[in-house]
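I have placed the structure first, in the form of structure tokens, so that the comments after it can refer back to it.
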Amino acid sequence: MRITDNAIVADFLTNLTRSRERINRLNVQLSTQKKLQKVSDDPIMANTLLRLNVDLSRLDSYKTNVVDGKSTLKMTADSLGKVSDILQNVKGLLSGSTSADPSFLAKLSDQMDQYLNMSMDIANTQFDRKYIFGGTGTMAPPFVSSGAPQTVTYQGNADAIKFQVGDGISSVVNVSGAAAFASTGEINFTGLLDRAAPVNSIVTTTVGMTDGNGVAHSVLMTMQKTGANSWALSPAMPPGATDATVSGGTATVTFDPATGALASIVRGAPLIVTPAATPTAQATSPMTIMIRGTGLSEGTPAGGASTLTGTHTNISVFNQLIALRDTLRSGAQPSADDVAMISVMQDVVMREQARAGTLSTNLTTSDEYLTAQREHLLDLRSAKQDVDLTEIGMKLKQEEVMLDAALSAAAKIIPKSLLDFLT
Amino acid sequence: MGGISQLLETARRALLAQQYGISVTGHNIANASTPGYSRQRADFTATPPAQSNLGLLGTGVTVDSVSRLRNRFIDQQIRSSNDSLGSATSDNQILSQIEATFNEPSDSSLSAGLNAFFASWQSLSTHPEDAVSRNALMLQGTQLTDTFHRLYSQVDTFRNSLSDEFTAKVDRINVLSKEISDLNVDITATTTGGLNPSDMLDLRDTKITELSNLANITVSEGSHGAALVFLGGTSIAGNGTSLALRVDAGVPVSVSGTTVQQMRVVTELGGTPVNLTGGETGSILKSFNTTIPDTLGRLNQLASAIISGVNQEHSAGFGRQQPPRTGINFFTGTDAASIAIDLTDPAAAPGSNPSIDNIAASSSATAAGDNSIALAISGILDKRPLVSAGGATLLDGLSVSEYYNRTVTNIGSAVNRADTIVTSQELVISQLTQQQDAVSGVSLDEEMTNMIKFQRAFDAAARVVNTVSQMYDTLIQMV
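Protein sequence lines correspond, in order, to chains A and B. Under the numbering used here, the first residue of the first sequence carries the number 33, and numbering increases by one thereafter. Under the numbering used here, the first residue of the second sequence carries the number 103, and numbering increases by one thereafter.
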């Protein structure tokens with residue numbers, strides 16, 4: 033084959049351009065630290081990278097959500113702890129109210145007023161510019177005090193606030209004021225029980241109540257005679273009802289054999305009515321109910337049969353404190369039932385505090401999982417897009433040597449011609 | 103036996119022939135670097151012998167012809183590879199520009215904008231009542247719509263600029279076909295006269311090669327060396343006749359759901375459509391009519407799906423107005439060019455729209471802390487299939503991120519493919535050129551050698567003249 037000068041030059045230029053292109057590509061990779069500058073460099077890897085970026089962006093959001101949720105829950109748990117402490121103090125104060133001295137009781141009532149204001153302030157805590165105990169009603173103070181006699185009403189709702197902390201995973205990050213402070217109440221029984229009724233004879237009544245989501249429930253309360261002047265109270269859901277479950281709520285009621293008046297009421301655990309989850313109601317905070325029997329007595333009913341009626345009243349922590357304050361201010365001593373009610377309320381507050389703690393722990397677990405997942409994705413992305421400096425360095429050196437060789441060869445061969453040897 | 107004068111005649115012929123040889127060598131050396139030049143060779147033949155009483159006696163040399171050394175088969179191969187190379191090079195340039203417009207993967211790309219926009223809904227979900235999150239969301243929304251507008255208009259502007267380039271290239275085809283047909287006239291005239299029009303043939307071959315880079319042409323040989331050029335079956339250059347082409351508006355056609363105006367090439371007279379499929383012009387035509395409209399159509403579908411998906415959720419939610427209102431759209435518009443933030447509350451005071459208060463995060467009028475709408479919207483990026491308000495499946499059943507990734511990857515793959523074709527065709531052409539060069543190329547060493555050969559032969563012939571002259575002297579002195 034004839035090799036002409038043009039062929040040598042063209043060949044050399046083509047190879048030189050290719051070599052320079054390769055060196056340039058390596059250089060760009062070295063300076064950007066990325067294998068991929070454009071999608072066309074490697075479309076399949078680019079697709080993977082774009083997908084990884086979407087995943088990472090989402091994970092970053094989830095992690096931010098977890099951090100936000102944890103701080104809100106920590107604030108919630110702290111606030112509930114403070115309210116629990118206040119209720120502990122209230123219990124101490126009530127156990128000290130043994131004197132009937134009106135001025136002493138007035139002082140106690142002032143103290144009670146302090147506790148009321150402190151607990152109201154906590155319940156209306158704002159964190160990160162939102163009211164944390166209002167359910168999803170985060171823009172207005174959840175507990176509003178009004179009127180004379182003073183009453184505190186709950187303006188929020190029982191809804192859960194859910195943050196997304198994973199693909200398809202939402203985590204509740206709030207405890208509503210409805211659950212923590214306004215889910216307590218009492219059922220007060222009235223009626224005349226038949227003193228002459230045989231043992232094991234029963235009388236029942238259905239008590240209606242409305243939960244924090246505004247859903248009505250009925251509970252069947254049964255009073256069974258266990259002995260002379262002694263009756264046992266037990267709750268159950270009406271036959272076939274599935275709207276809630278009940279627990280606790282038993283009590284033993286004894287009457288004075290002589291007068292028929294209520295002698296004692298020995299309570300077991302408070303009645304807890306837990307509404308079943310419904311598609312519409314987001315959260316189902318249980319109602320904690322104390323049994324009272326202020327209108328109960330034993331005697332001979334006019335119609336011959338025992339009568340029993342129970343009325344459910346919802347009492348929030350604050351209304352209970354108001355009632356106690358007003359009782360003390362009026363110079364009366366609080367009843368043992370009032371003190372028992374505070375205990376029930378404190379238990380509920382502590383239960384909700386524990387729940388906030390558990391939710392926060394769950395978030396920590398999510399956080400650990402998200403962190404691990406993020407690390408894996410970052411590793412994967414790095415493996416896909418970051419250059420191996422050693423490899424690039426080696427390749428670059430190799431190309432350099434080859435370029436040197438090509439240039440040096442060209443410099444020697446191209447200028448050679450027969451002309452050099454003609455005289 | 104011929105006389106002494108016959109000797110002188112032989113020497114004269116030798117001198118002329120060698121001089122002619124040096125002249126051809128000089129022409130070769132002079133054109134050593136001329137593109138498309140074919141090496142020429144003076145073909146020497148012995149002149150017919152003279153009859154003498156001793157038999158036939160040689161009468162010297164003559165230059166029979168000047169040959170043009172060229173392999174026409176390789177020329178044909180180069181032309182057909184040139185068609186693919188021109189097309190792939192143009193594809194590569196056009197698609198690379200679109201790829202650069204998308205600017206993936208980077209922080210300023212649409213994918214980054216989409217991620218940031220939907221992440222803003224996540225951050226709104228943790229602070230649904232908060233103005234800061236709403237402001238951030240509004241900002242990201244504006245950035246997203248701006249990115250859509252920028253991308254769409256850049257790709258669209260680029261598409262329009264292709265029509266100018268296309269017209270210029272079609273004009274060039276017209277010039278070339280005219281030149282080829284004119285050269286055909288000269289070549290056939292020269293050939294008919296029994297001469298070899300080497301340099302004209304070289305010039306015509308250069309024009310045909312340039313033309314083959316521009317369009318899908320085929321060349322066939324006519325009588326007396328005329329080259330007949332056809333473009334997609336239409337004869338555009340013959341012997342003295344050429345057919346001018348012009349760019350014409352095609353019929354509007356729907357590509358990926360977007361109707362675009364196409365282009366086509368027709369004959370100047372009569373307006374008959376020409377089947378242009380290859381070379382640079384074929385590539386531009388394909389990009390203008392199909393590839394770019396497809397990209398634009400996909401951008402439109404993406405924007406339209408986002409508008410529909412976000413609005414469906416958003417209009418069901420409640421904003422932060424007092425009292426909270428519902429039924430407000432987040433986006434307005436129908437495609438990538440018209441997508442914009444809506445957030446217009448008809449009940450609001452004039453001049454207060456769009457407002458961040460109109461962003462709906464909550465599914466309830468009474469629960470400002472509810473975030474279910476924000477969460478639902480943040481999930482749209484990866485939701486599939488997206489369904490329009492009318493119940494139609496959007497984006498071929500893919501999620502927004504998948505659809506966009508596929509769009510970008512398609513372009514990248516096309517660039518990659520064109521790149522590979524360019525590299526391989528360049529290699530083929532470089533090999534073919536080398537083969538052609540082995541036949542047609544000028545080797546200076548060879549020409550120098552030839553020159554010395556001719557020079558020596560000239561010297562020797564001169565010596566013969568000298569000798570004959572001395573012989574004459576001797577003869578004259580004898581008399």
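A virtual CB, placed ideally from N, CA and C, is assigned to each residue, including glycine. Computed from a predicted model, the values in this text were never measured in an experiment.
Open item on the list: Quick check: is the beta carbon of M426/A nearer than 7 Å to any beta carbon in chain B?
Closed with: It does not: the Cβ of M426/A has no partner Cβ on chain B nearer than 7 Å.
Task: Limits of the unbroken beta strand (DSSP E) element including V165/B - done: Counting along the chain, the beta strand (DSSP E) containing V165/B begins and ends at 163-170.
Open item on the list: Using 8 Å for Cβ pairs, my map puts T316/A next to V205/A. What's the rounded Cβ distance?
Closed with: That pair is no contact at about 17 Å.
Open item on the list: Tell me the rounded alpha-carbon separation between G331/A and N351/A.
Closed with: Distance from the CA atom of G331/A to the CA atom of N351/A, rounded to whole angstroms, is 34 Å.
TODO: Let me know if H408/A comes out buried or exposed under the rule of 16 or more other beta-carbons within 10 Å of its beta-carbon.
DONE: Exposed.
Open item on the list: Would I354/A pass as an interface residue toward chain B - the criterion being a Cβ-Cβ separation below 7 Å?
Closed with: Not one chain B Cβ lies under 7 Å of I354/A.
Open item on the list: Output needed in chain order: residues of the segment 351-379 of chain B with a Cβ under 7 Å from some Cβ in chain A.
Closed with: Answer in chain order: no residues at all.
- [ ] Compare the C-beta of P207/B against all C-beta atoms of chain A and say whether one is closer than 7 Å.
- [x] So yes, P207/B belongs to the interface.
Task: Under the three-state DSSP convention, the category F191/A falls into - done: Before going on, a small fix: residue 191/A reads as Asp here, not Phe. In the structure shown, D191/A falls within a coil segment according to DSSP collapsed to helix, strand and coil.
Open item on the list: I need the straight-line Cα distance from I193/A to D358/A, nearest angstrom please.
Closed with: Their Cα atoms are separated by approximately 36 Å.
Task: Neighbour-count burial assignment, V41/A, 16 or more Cβ in a 10 Å radius - done: V41/A counts as exposed, since fewer than 16 other beta carbons sit within 10 angstroms of its beta carbon.
Open item on the list: Please report the distance separating the alpha-carbon of S203/A from that of S279/A.
Closed with: Here the alpha carbons of S279/A and S203/A stand approximately 27 Å from one another.
Open item on the list: So A210/A and G188/A are supposed to be a Cβ contact under 8 Å. How far apart are they, rounded?
Closed with: Beta-carbon to beta-carbon, A210/A and G188/A are separated by about 7 Å, close enough to satisfy the 8 Å threshold.
Open item on the list: Going by C-alpha to C-alpha distance, which of L226/B, A346/B, E323/B, S501/B sits closest to T269/B?
Closed with: Each of L226/B, A346/B, E323/B, S501/B was checked against the Cα of T269/B, and the nearest Cα belongs to A346/B.
TODO: Excluding the 5 residues preceding and the 5 following G384/B in the sequence, name in chain order all residues of the same chain whose CB lies nearer than 7 Å to its CB.
DONE: Same-chain partners within the cutoff: S189, A317, N318, L378.
Open item on the list: Rounded to the nearest angstrom, what separates P395/B and P375/B at their Cα positions?
Closed with: Looking at the two C-alpha atoms, the distance is approximately 21 Å.
Task: For P75/A, three-class secondary structure by DSSP - done: P75/A carries a helical assignment under DSSP once its states are collapsed to helix, strand and coil.
- [ ] Using a Cβ-Cβ cut-off of less than 8 Å, give me the residues of the segment 75-107 of chain A that come near chain B, in sequence order.
- [x] So the list reads P75, I76, A78, N79, L81, L82, R83, N85, V86, S89, R90, D92, S93, Y94, T96, N97, D100, G101, given in the order they occur along the chain.
TODO: Select from A355/A, T170/A, I118/A the residue whose C-alpha is nearest the C-alpha of M150/A.
DONE: Per the Cα distances, I118/A.
- [ ] Taking all protein chains shown into account, decide if P191/B is buried (16 or more other Cβ within 10 angstroms of its Cβ) or exposed.
- [x] The sequence given here has Thr at residue 191/B, not Pro. If you draw a 10 Å sphere on the C-beta of T191/B, you find 16 or more other C-beta atoms in it, and that means buried.
Open item on the list: Restricting to Cα atoms, I'd like to know which of D258/B, G372/B, N315/B is closest to S186/B.
Closed with: The residue from D258/B, G372/B, N315/B with its alpha-carbon nearest to that of S186/B is N315/B.
Task: Secondary structure of T149/B, DSSP reduced to three states - done: DSSP places T149/B outside both helix and strand once states are collapsed to three, so it counts as coil.
Open item on the list: DSSP has P307/A in a bridge; who is on the other side?
Closed with: DSSP lists A276/A as the bridge partner or partners of P307/A.
- [ ] Examine chain B for any beta-carbon lying closer than 7 Å to the beta-carbon of L450/A, and answer yes or no.
- [x] Judged by the 7 Å Cβ criterion, L450/A is in contact with chain B.
Open item on the list: Within the continuous alpha helix (DSSP H) that includes G499/B, where are the two ends?
Closed with: Note, G499/B: premise wrong, no alpha helix (DSSP H); not H, not E.
Open item on the list: I'd like to know if A313/A contacts chain B, where contact means its C-beta is closer than 7 Å to some C-beta of that chain.
Closed with: For A313/A, the predicted structure reports a pLDDT of 48, less than 50, and the residue's modelled location is therefore unreliable. The matter cannot be settled from this model.
TODO: Could you give the DSSP three-state label for Q424/B: helix, strand or coil?
DONE: Q424/B: coil per DSSP, three-state reduction.
Open item on the list: Let me see if you follow: with CB-CB separation under 7 Å, is Q196/A close to chain B or not?
Closed with: Under the Cβ criterion of 7 Å, Q196/A is counted among the residues facing chain B.
- [ ] Look up Y163/A in the DSSP assignment and say whether it is helix, strand or coil.
- [x] Looking at Y163/A - three-state DSSP - the assignment turns out to be strand.
- [ ] Step through the CB atoms of chain B and report whether any lies within less than 7 Å of the CB of G246/A.
- [x] No, G246/A does not count as interfacial toward chain B.
- [ ] Report yes or no: is there a C-beta of chain A within less than 7 Å of the C-beta of D539/B?
- [x] For D539/B, the answer is yes, since a Cβ of chain A falls inside 7 Å of its Cβ.
Open item on the list: Starting from I374/A, trace the alpha helix (DSSP H) in both directions and tell me its first and last residue.
Closed with: Unbroken alpha helix (DSSP H) run through I374/A: 368-417.
Open item on the list: Between L404/B and Y506/B, how many whole angstroms is the CB-CB distance? I'm expecting something under 8 Å.
Closed with: The beta carbons of L404/B and Y506/B sit about 6 Å from each other, so the pair counts as a contact at 8 Å.
Task: Three-state class that DSSP yields for A313/A in the structure shown - done: In this prediction, A313/A has a pLDDT of 48, which is less than 50 and means its spatial position is unreliable; what the coordinates show is noted afterwards. Three-state result, A313/A: coil.
Open item on the list: Please classify E400/A as buried or exposed, where buried requires at least 16 other C-beta atoms within 10 Å of its C-beta.
Closed with: Exposed, since its Cβ has fewer than 16 Cβ neighbours within 10 Å.
Open item on the list: Going by beta-carbon coordinates alone, are A221/B and S89/A separated by less than 7 Å?
Closed with: For A221/B and S89/A, yes; Cβs fall inside 7 Å.
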